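Read left to right, the sequence shown gives residues 200 to 278 (my numbering). Just so you know, even glycine gets a beta-carbon here, dropped at the ideal spot from N, CA and C. Just so we're clear, the structure is a prediction, and the values are computed from it rather than from any experiment.
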Amino acid sequence: MNSFLQNYFRRFWENGLLFFPFFIGYAETHYRLKFFKPRYYQKFPEVIADVPIRVVKKITRSLPILIIIKDADLFPVVL
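So this is what it looks like as structure tokens:
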């Protein structure tokens, strides 16, 4: 088992270095470094809304909606 793990990590290390630039290149739209501003940076918060599936399947009087606003402290919004 020990040799299997050593082989696995050795292959990952050798092959993982080939894909390393892709991992560094990935970032969310609101992530940026102090001195480097990416071209896809947006000055808007990320808004995620979700409705449970039970609302679609069953008729109810209440409508529970989950709203998550990421970076709302940096970019205030009015709902």
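- About 4 Å separates the Cβ atoms of Ile247 and Ile267, confirming a contact at the 8 Å cut-off.
- The three-state secondary structure of Lys269, taken from DSSP, is strand.
- As a beta-bridge residue in DSSP terms, Val246 pairs with Ile268.
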